[in-house]
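Numbering-wise, the sequence shown is residues 5 to 119 according to my numbering. From the three backbone atoms N, C-alpha and C, an ideal C-beta is built for every residue, glycine too. See below for the structure under consideration.
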Amino acid sequence: MTVEPGIEVAMTEESWAETAVSLDELMDRHIAAQLATADAVRVWDERRAAGEATSVAYANGLLGVAQDEEASRLAIVNYRPQGDRELRMKLTYMAAYLIATCGTLDANEMNSILE
């Protein structure tokens with residue numbers, strides 16, 4: 005993508021698509037990632053209990069879904085609300101998430117939310 009004559013900015017389709025995603029879509033993605041994580045934990049717990057998986061395989065099996073959940077959560081944390089409605093929705097969603105998971109935010113995440 006050319007910003008000014010002679011200045012080229014590389015933007016992949018994925019990063020371009022991410023700029024156009026709504027807060028609603030990001031929240032839907034995060035909920036889907038949380039459900040996928042819960043399903044993966046259940047499946048891997050069953051496999052480990054049955055002796056079909058070692059602790060290393062268990063950890064590796066959950067790594068991908070945990071990373072997907074984290075990425076989708078960070079997309080919400082870093083999302084810039086488009087008005088007061090989205091600001092309230094983002095803060096409400098994050099508060100509900102933190103209460104439900106008994107989680108916390110690191111300093112960078114907190115700063116991003118407060119900006």
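Please report how far the alpha carbon of residue i lies from the alpha carbon of residue j, in whole angstroms.
i     : j      : result
Leu39 : Thr96  : 20 Å
Leu91 : Ala36  : 22 Å
Arg33 : Asp72  : 9 Å
Arg77 : Tyr101 : 9 Å
Ala63 : Asn82  : 27 Å
List the whole-angstrom C-beta distance separating residue i from residue j, where the pair is believed to meet the contact cut-off of C-beta under 8 Å.
i      : j     : result
Leu109 : Ala79 : Leu109 to Ala79, Cβ: 14 Å. No contact.
Helix, strand or coil for residue i per DSSP?
i      : result
Asp110 : coil
Val25  : coil
Tyr97  : helix
Glu73  : helix
Ser19  : With a pLDDT of only 45 at Ser19, under 50, the local geometry of the prediction cannot be trusted, and the value read off the model is given with reservation. DSSP places Ser19 in helix when its eight states are reduced to three.
Taking 8 Å as the cut-off, decide whether the C-beta atoms of residue i and residue j are in contact.
i     : j     : result
Tyr27 : Ala44 : It is Leu, not Tyr, that sits at residue 27 in the sequence shown. The answer is no: Cβ separation not under 8 Å.
* For the 8 Å Cβ check, are there 3 or more pairs between the region 96-106 and the region 45-58? -> no
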